[in-house]
Amino acid sequence: MSKFEGVLMGMGNPLLDISATVGQDVLDKYDVKLDSAILAEEKHMPVYDDLVKNYNPMFIAGGATQNSIRVAQWMMKQKGQAAFMGCVSDDENGKKLEECATADGVLVHYMKSTTNPTGSCACLIKDGERALIAN
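Numbering that gives the first Met the number 0 applies: residue 0 is where the sequence shown begins, and numbers increase by one.
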């Protein structure tokens, strides 16, 4: 038997999801609509710090492939059965992202960049719907 039997690995673009329940005022402030997913423009950049400073956000290891790997890991029920590779920055969000993925039982192998920040996604939740702002 191979020592890799039962292991699943994914490779993609990791994002740190910063998720918080907000009011309509926040959606208006950042000019976003519920049930939308957009790439951040300059006017959206303060949303990430705003959520961290003024709300009690959940931090979640995100990004399409990493989300799939997290679900697979949850289904396998034994930590370390799923692994993920991607690139993050050597910044606070990169450290937080690694903590979140590891806490979910995923083996992470992140390449560390010093030139770009870790990708993140603001998840603005209101009345069970959400607006996503990714950078």
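Even glycine gets a Cβ: it sits at the ideal position worked out from N, Cα and C.
When only Cα atoms are considered, Leu-123 and Met-84 end up about 27 Å apart. For Tyr-109, the uninterrupted beta strand (DSSP E) segment begins and ends at 106–112.
Proximity of the segment 12–20 to the segment 55–75 meets the contact definition, three or more beta-carbon pairs being nearer than 8 Å. In this structure, the CA atom of Asn-92 is about 17 Å from the CA atom of Gly-11. Asp-89 is a Cβ neighbour of Lys-111, given a cutoff of 7 Å.
DSSP, reduced to helix, strand and coil, places Gly-118 outside both helices and strands of the structure shown, so it counts as coil. Per DSSP, reduced to three states, the secondary structure at Lys-125 is strand. Taken in chain order, the complete alpha helix (DSSP H) segments of 4 residues or longer contained in the segment 42–104 are 46–53, 63–75, 91–102.
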